[in-house]
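A.B. asks: One structure is given below, represented as structure tokens, and several questions about it will come after.
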Amino acid sequence: MSDWQQYAQSIVFGLIFSFLLAKLFSIIFSFRDQNLRITRANSDEDQSYQILSESGSESVHDEKKSGAEFPRDHNTSDEEEPLVVQGQENTWTSSDTDDDWEGVESTELDEAFSAATAFVAATAADRSSQKVSTDLQLQLYGLYKIATEGPCTTPQPSALKMTARAKWNAWQKLGAMPPEEAMVKYLDIITELYPTWVSGSTSKRKDGNDNERSSKDTRPMGPVFSSLIHEEESDELKLDAIHAFAREGDTKNLLKCVEGGVPVDIKDSEGRTPLHWAVDRGHIEAAELLLSRNADVNLKDNEGQTALHYAAVCERESIAELLVKRNAAKDVKDDDGNYPSDLCESKWPWIQPQVPSLE
Amino acid sequence: MTSLNFILQNIILCLDVDSCGYILSDLPLGLYSAACRRLSSASRCKQSITGLDISDRLSKFLSSQTNLYRLILRGKKLIRGKVDAVDFDSMIRISMANNGSANDDTTNQNSSPSDLLKNEAPIDELSREIQETLSVSQRHKFWETQPVGQFKDLRDSTLPEGPIEPPTPLSEVKQEPYNLPTPYEWVTCDINSEETCLEVYNLLSNNYVEDDENMFRFNYSKEFLRWALHPPGYFKTWHIGVRVKTSKKLVAFITGIPAKIRVNKDIVTMAEVNFLCVHKKLRSKRLAPVMIKEVTRRVHLENIWQAAYTAGVVLPTPITSCQYWHRSLNPKKLIDVGFSRLGPRMTMSRTMKLYKLPDSPLTPGFRKMELRDVPSVTRLLKAYLLQFIVAPDFDEIDVEHWIVPKEGVVDSFVVESQETHEVTDFCSFYSLPSSILGHPNHTNLKAAYSYYNVVTKTPLVQLMNDALIVAKQMDFDVFNALDVMHNEGFLKELKYGPGDGKLHYYLYNYRIKSMLKSSELGLVLL
Numbered sequence: 001m002s003d004w005q006q007y008a009q010s011i012v013f014g015l016i017f018s019f020l021l022a023k024l025f026s027i028i029f030s031f032r033d034q035n036l037r038i039t040r041a042n043s044d045e046d047q048s049y050q051i052l053s054e055s056g057s058e059s060v061h062d063e064k065k066s067g068a069e070f071p072r073d074h075n076t077s078d079e080e081e082p083l084v085v086q087g088q089e090n091t092w093t094s095s096d097t098d099d100d101w102e103g104v105e106s107t108e109l110d111e112a113f114s115a116a117t118a119f120v121a122a123t124a125a126d127r128s129s130q131k132v133s134t135d136l137q138l139q140l141y142g143l144y145k146i147a148t149e150g151p152c153t154t155p156q157p158s159a160l161k162m163t164a165r166a167k168w169n170a171w172q173k174l175g176a177m178p179p180e181e182a183m184v185k186y187l188d189i190i191t192e193l194y195p196t197w198v199s200g201s202t203s204k205r206k207d208g209n210d211n212e213r214s215s216k217d218t219r220p221m222g223p224v225f226s227s228l229i230h231e232e233e234s235d236e237l238k239l240d241a242i243h244a245f246a247r248e249g250d251t252k253n254l255l256k257c258v259e260g261g262v263p264v265d266i267k268d269s270e271g272r273t274p275l276h277w278a279v280d281r282g283h284i285e286a287a288e289l290l291l292s293r294n295a296d297v298n299l300k301d302n303e304g305q306t307a308l309h310y311a312a313v314c315e316r317e318s319i320a321e322l323l324v325k326r327n328a329a330k331d332v333k334d335d336d337g338n339y340p341s342d343l344c345e346s347k348w349p350w351i352q353p354q355v356p357s358l359e
Numbered sequence: 001m002t003s004l005n006f007i008l009q010n011i012i013l014c015l016d017v018d019s020c021g022y023i024l025s026d027l028p029l030g031l032y033s034a035a036c037r038r039l040s041s042a043s044r045c046k047q048s049i050t051g052l053d054i055s056d057r058l059s060k061f062l063s064s065q066t067n068l069y070r071l072i073l074r075g076k077k078l079i080r081g082k083v084d085a086v087d088f089d090s091m092i093r094i095s096m097a098n099n100g101s102a103n104d105d106t107t108n109q110n111s112s113p114s115d116l117l118k119n120e121a122p123i124d125e126l127s128r129e130i131q132e133t134l135s136v137s138q139r140h141k142f143w144e145t146q147p148v149g150q151f152k153d154l155r156d157s158t159l160p161e162g163p164i165e166p167p168t169p170l171s172e173v174k175q176e177p178y179n180l181p182t183p184y185e186w187v188t189c190d191i192n193s194e195e196t197c198l199e200v201y202n203l204l205s206n207n208y209v210e211d212d213e214n215m216f217r218f219n220y221s222k223e224f225l226r227w228a229l230h231p232p233g234y235f236k237t238w239h240i241g242v243r244v245k246t247s248k249k250l251v252a253f254i255t256g257i258p259a260k261i262r263v264n265k266d267i268v269t270m271a272e273v274n275f276l277c278v279h280k281k282l283r284s285k286r287l288a289p290v291m292i293k294e295v296t297r298r299v300h301l302e303n304i305w306q307a308a309y310t311a312g313v314v315l316p317t318p319i320t321s322c323q324y325w326h327r328s329l330n331p332k333k334l335i336d337v338g339f340s341r342l343g344p345r346m347t348m349s350r351t352m353k354l355y356k357l358p359d360s361p362l363t364p365g366f367r368k369m370e371l372r373d374v375p376s377v378t379r380l381l382k383a384y385l386l387q388f389i390v391a392p393d394f395d396e397i398d399v400e401h402w403i404v405p406k407e408g409v410v411d412s413f414v415v416e417s418q419e420t421h422e423v424t425d426f427c428s429f430y431s432l433p434s435s436i437l438g439h440p441n442h443t444n445l446k447a448a449y450s451y452y453n454v455v456t457k458t459p460l461v462q463l464m465n466d467a468l469i470v471a472k473q474m475d476f477d478v479f480n481a482l483d484v485m486h487n488e489g490f491l492k493e494l495k496y497g498p499g500d501g502k503l504h505y506y507l508y509n510y511r512i513k514s515m516l517k518s519s520e521l522g523l524v525l526l
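Those protein sequence lines, which keep their order, are chains A and B. Quick note on numbering: the first sequence equals residues 1 to 359 in full-length UniProt numbering. Quick note on numbering: the second sequence equals residues 1 to 526 in full-length UniProt numbering.
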């Protein structure tokens, strides 16, 4: 009796095991087949082949592990053409007669939609993200298929394939909804689920690159705005770190340098002090800092110009005022014989030299 | 095709398949697995940064994935034989270059948030670059159907110069306008009407050409538009607008003006097509192509079958490609607003000195052009333009319109000989300001654009230096010039620097034997 029991038990286990094994193989193979078809449309090279099927089986394992379903379409894709391409074309042909124009122009809706699908795929991958109800997932799936492939034309999958059947139903029941409408609805659902996704995408839209592309894509004719690529540069200059800090207005490092014992009036190879550089770039805090550390306000560079000359040439009024308050000489000529006031286009009264130069 | 396979494979290899199994199998696998991989490292970082932060970052990164997805999509299209001739070399180079960085990426599994952001750059870059390469080939699909010079004919010297298609009988030209999407309607814009002109001005000043970084936007003045659109013999019907039917809001614009243009020995009446502008919010509606078709139709209705136009992008096929050059007049402002940059070893004060100009013109007899100068200027200009392969054929009426100074629009100066009182030379430039976008202190960039310059007695460099001086006096910030005509003869010497903008010139329905050098072009389009 116990023998018979044991025997029956092992038969039952054996049957169950072999059924599961067969099921596993069938899933793996059917998945492989579908992927290979897509691969061939792409390339026939062995290597990518291998990678694709590897990743295919990987995702099968994954499917077995978790029941969560997101718009994953491998069970229903039967067409010879890559589906994505077809989906894109659907949206093109649906509007107007200018499909040939530039070939690849896509609407904002297309962009938003493909970004949203990518977002959904990614959020699904992120286990820690909020869970979405199966109903909603199926709804998204249906909309996705409408948007990318149009109305459902594939045969109904067998009742044994529960998830495939549910997906097929979700797709089929939307009937002949236009792809644009499906995209809009899809986006609506995503926006409701993940409000931050919208803010993320709009901030992206403000991004320079994005604008650049869109403006280039949509307006191919007309003039061009050009700006200088050339940088003003002089070659042989040697300067110290403290000059660079003064140039960048980096008061923190500037202070460190001065406190670390770097002479505050050290000159670069053109004879400019850190004060010259700070004034040249208009960094008033840096200039104040240097002056408060006893920088000599009247040192000349190799062309005989003081910081006040620099302030005058560069029309830096507040800095020039500061320098004058700190006793910068207004009556010093540079090597070309110019007073600071001679270099200045604006006529500030307080920079005029006291010497009788006006007569 | 083999090379394309190679590239696609490369792309897939670069992206590597390692972690996540959530793959939409009918989307490109490499792309999605890359997305998943990045996401898994992103979610690892998630503990350390706030929720909002990460989702921002995610969606940003995902849009870059979208680009890649498009790229692969295009690759698939190519394979399906829709496009045959593409230059793949640069693509291979890019994908190879990226291979290295992507591999680094995979080894760096414990990436910190900042690493994550850094790593996004190459993929974004890659997709954009390859997209650009591909888009060159994709663009042609429209232009290959048009009567324009085709790339494949470039080396075929047996093709005759001249019209590509013969004119069709006027009765066969489509009589009714092309269809617009239902919410929109065609209108003819009367620029003489102050109200319409203002609408056009507003549309252009908010939606017309910007630089690549969106820092500047052309801001053609109303007076400029009137000048540019009302040359002698203009057609009102060629100033085409698109309005929203319900609100009557002007949302798109395109224009043509008639011009006699000489190509080698033949003088051809052409349309100069310009000011194609679609409202930013409607860029996705694909109005531009139908607008081009509509303006072409209306040009045909006037029994004109050729056109000249410019573009910043390469289309089939430029007659020549020109480079913009810029001469700083107000270097401090240009540096402040980001039009030009100051190198780390250069001082502002030296830059200011470098671009300093004398207070007044140096050439004796240099004065503003007047109406009475029209005959002599026309004579000078006609003779001068004969040496270029493509140039306008100006008569006195044209010169009176295009060259005689108009306040704030176009300025012209002549050199009158002190002894004979004859006009021996002249120079001209037009005023095209740009809005400076988002700058705290400056809103307007005043730019002068070199127009037509002719010398017979004065050295060209000296005359153009005087042009700079008067432009500086008139408070222009920068003087721009293309390297057309003899302009190369003064650009470097007068401290012009090269710009980042290239301007390509095109003819519609007219084939020329071979591409011109930019110095063989005698035409300036506004």
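Each residue gets a CB set at the ideal place from its N, CA and C atoms; glycine is no exception. Note that the structure is predicted; figures quoted are calculated from it, not measured.
Could you check if histidine 243 of chain A is buried or exposed, using at least 16 other CB atoms within 10 Å of its CB as the buried criterion?
C.D. replies: It counts as buried.
A.B. asks: Considering only DSSP beta bridges, list what arginine 511 of chain B is partnered with.
C.D. replies: According to DSSP, which records beta bridges pairwise, arginine 511 of chain B is partnered with B:Gly162.
A.B. asks: Using a beta-carbon distance cut-off of less than 8 Å, what residues from the stretch 437 to 468 of chain B approach chain A?
C.D. replies: Flagged: no residues at all.
A.B. asks: Less than 6 Å separating the Cβ of leucine 523 of chain B from some heavy atom of the ligand GTP?
C.D. replies: Of the ligands one can find in the structure shown there are none, so the ligand GTP has no counterpart to examine.
A.B. asks: Tell me the residue span of the beta strand (DSSP E) that contains tyrosine 449 of chain B.
C.D. replies: Run containing tyrosine 449 of chain B: 447 to 450, per the beta strand (DSSP E) assignment.
A.B. asks: Report the three-state DSSP secondary structure of tyrosine 141 of chain A (helix, strand or coil).
C.D. replies: Residue state, collapsed to three classes: helix.
A.B. asks: Straight-line CA distance for residue 361 of chain A to cysteine 189 of chain B?
C.D. replies: Only positions 1 to 359 of chain A appear in the structure, and residue 361 of chain A is not among them; the question remains open.
A.B. asks: Going residue by residue through the stretch 290 to 348 of chain B, where are the continuous beta strand (DSSP E) segments of at least 3 residues, counting only ones entirely within it?
C.D. replies: Listed in chain order, they are 306 to 311 and 320 to 328.
A.B. asks: Within its chain, find whatever has a CB closer than 7 Å to the CB of aspartate 280 of chain A; leave out the 5 residues flanking it on each side and keep chain order.
C.D. replies: Here the set comprises Tyr310 and Cys314.
A.B. asks: Output the distance between the C-alpha atoms of phenylalanine 275 of chain B and phenylalanine 413 of chain B, rounded to the nearest integer angstrom.
C.D. replies: Distance between the alpha carbons of phenylalanine 275 of chain B and phenylalanine 413 of chain B is about 27 Å.
A.B. asks: Have a look at A:Gly150, A:Leu138, A:Ile319 and A:Ser10 and flag the residue whose alpha-carbon is nearest the alpha-carbon of proline 179 of chain A.
C.D. replies: Of the listed residues, the one whose Cα sits closest to proline 179 of chain A is A:Gly150.
A.B. asks: For phenylalanine 19 of chain A, is the classification buried or exposed, using 16 other Cβ atoms within 10 angstroms of its Cβ as the cut-off for buried?
C.D. replies: So phenylalanine 19 of chain A ends up on the exposed side.
A.B. asks: Of the choices B:Thr424, B:Gly438, B:His439 and B:Ala447, whose alpha-carbon is the least far from that of tyrosine 430 of chain B?
C.D. replies: When each option's Cα is compared against that of tyrosine 430 of chain B, the closest is B:Ala447.
A.B. asks: Cα separation between lysine 285 of chain B and glutamate 294 of chain B?
C.D. replies: If I take the Cα positions, the gap works out to 16 Å.
A.B. asks: Just list the residues that DSSP pairs phenylalanine 366 of chain B with in beta bridges.
C.D. replies: Phenylalanine 366 of chain B is bridged to B:Val415.
A.B. asks: How would you call glycine 200 of chain A, buried or exposed, if buried means at least 16 neighbouring beta carbons within 10 angstroms?
C.D. replies: Model confidence at glycine 200 of chain A stands at a pLDDT of 46, short of 50, so the residue's coordinates are unreliable and nothing is read from them.
A.B. asks: In chain order, what residues of the same chain have a beta carbon less than 7 Å from the beta carbon of lysine 118 of chain B, not counting five sequence neighbours either side?
C.D. replies: Residue confidence is low: lysine 118 of chain B scores 40 on pLDDT, short of 50, so the model does not pin down where it sits. Its coordinate-derived value is still stated next. Closer than 7 Å at Cβ, skipping near neighbours: no residue.
A.B. asks: Give every residue of the same chain whose Cβ lies closer than 7 Å to the Cβ of glycine 233 of chain B, excluding the five residues on either side of it in the sequence, and list them in chain order.
C.D. replies: Cβ neighbours of glycine 233 of chain B beyond the five flanking positions: Pro258.
A.B. asks: What does a CB cutoff of less than 6 Å around alanine 481 of chain B pick up in its chain, not counting 5 residues either side in sequence?
C.D. replies: These residues qualify, in order along the chain: Trp325, Ser450 and Asn487.
A.B. asks: For glutamate 231 of chain A, list the residues DSSP reports as bridge partners.
C.D. replies: Answer by DSSP bridge pairing, in chain order: B:Arg341.
A.B. asks: Suppose you measure from the CA of cysteine 344 of chain A to the CA of alanine 329 of chain A; what does that come to, to the nearest Å?
C.D. replies: Looking at the two C-alpha atoms, the distance is approximately 15 Å.
A.B. asks: So, is the C-beta of valine 209 of chain B closer than 7 Å to a C-beta in chain A?
C.D. replies: Judged by the 7 Å Cβ criterion, valine 209 of chain B is in contact with chain A.
A.B. asks: Report all residues from its chain with a CB closer than 7 Å to the CB of glutamate 270 of chain A; omit the five preceding and five following residues, and keep chain order.
C.D. replies: Same-chain partners within the cutoff: Leu237, Asp301 and Asn302.
A.B. asks: Unbroken alpha helix (DSSP H) runs of length 4 or more, entirely within the stretch 439 to 505 of chain B: which are they?
C.D. replies: Whole alpha helix (DSSP H) segments, 4+ residues: 460 to 473 and 488 to 491.
A.B. asks: Taking beta-carbon pairs under 8 Å, can you tell me which members of the stretch 300 to 324 of chain A lie near chain B?
C.D. replies: Answer in chain order: Gln305, His309, Tyr310, Val313, Cys314 and Glu315.
A.B. asks: Relative to chain B, which residues along the stretch 181 to 192 of chain A have a C-beta separation below 7 Å, given in chain order?
C.D. replies: Answer set for the stretch 181 to 192 of chain A: empty.
A.B. asks: Name the two residues that bound the continuous beta strand (DSSP E) containing isoleucine 436 of chain B.
C.D. replies: Looking at the DSSP string, the run of the beta strand (DSSP E) that includes isoleucine 436 of chain B is 434 to 436.
A.B. asks: Quick one: what does DSSP say histidine 283 of chain A is sitting in, helix, strand or coil?
C.D. replies: DSSP places histidine 283 of chain A in coil when its eight states are reduced to three.
A.B. asks: Is the distance from the Cβ of serine 247 of chain A to the Cβ of leucine 291 of chain A below 7 Å?
C.D. replies: Correcting the residue identity first, residue 247 of chain A is arginine in this sequence and not serine. No. Outside cutoff.
A.B. asks: By the 10 Å Cβ neighbour count, where 16 or more other Cβ atoms means buried, how is residue 361 of chain A classified, buried or exposed?
C.D. replies: Here chain A covers residues 1 to 359 and nothing more, so residue 361 of chain A does not appear.
A.B. asks: Closest to valine 374 of chain B by CA distance: which of B:Asp425, B:His239, B:Val278 and B:Leu282 is it?
C.D. replies: The shortest Cα separation from valine 374 of chain B among B:Asp425, B:His239, B:Val278 and B:Leu282 belongs to B:Asp425.
A.B. asks: Only counting runs of 3 or more residues, tell me where the beta strand (DSSP E) segments fall wholly within the stretch 169 to 251 of chain B, in order along the chain.
C.D. replies: As far as the stretch 169 to 251 of chain B is concerned, its whole beta strand (DSSP E) runs of at least 3 residues are 184 to 188, 216 to 218 and 239 to 244.
A.B. asks: Determine, using beta carbons only, whether threonine 378 of chain B comes closer than 7 Å to chain A.
C.D. replies: Judged by the 7 Å Cβ criterion, threonine 378 of chain B is not in contact with chain A.
A.B. asks: Does DSSP classify valine 524 of chain B as helix, strand or coil?
C.D. replies: Here valine 524 of chain B sits in coil by DSSP.
A.B. asks: Using a C-beta to C-beta distance shorter than 9 Å, which residues of chain B count as neighbours of leucine 109 of chain A?
C.D. replies: Within chain B, the residues near leucine 109 of chain A are Ser284.
A.B. asks: Between the alpha carbons of tyrosine 144 of chain A and lysine 245 of chain B, how many angstroms are there, rounded?
C.D. replies: Distance between the alpha carbons of tyrosine 144 of chain A and lysine 245 of chain B is about 33 Å.
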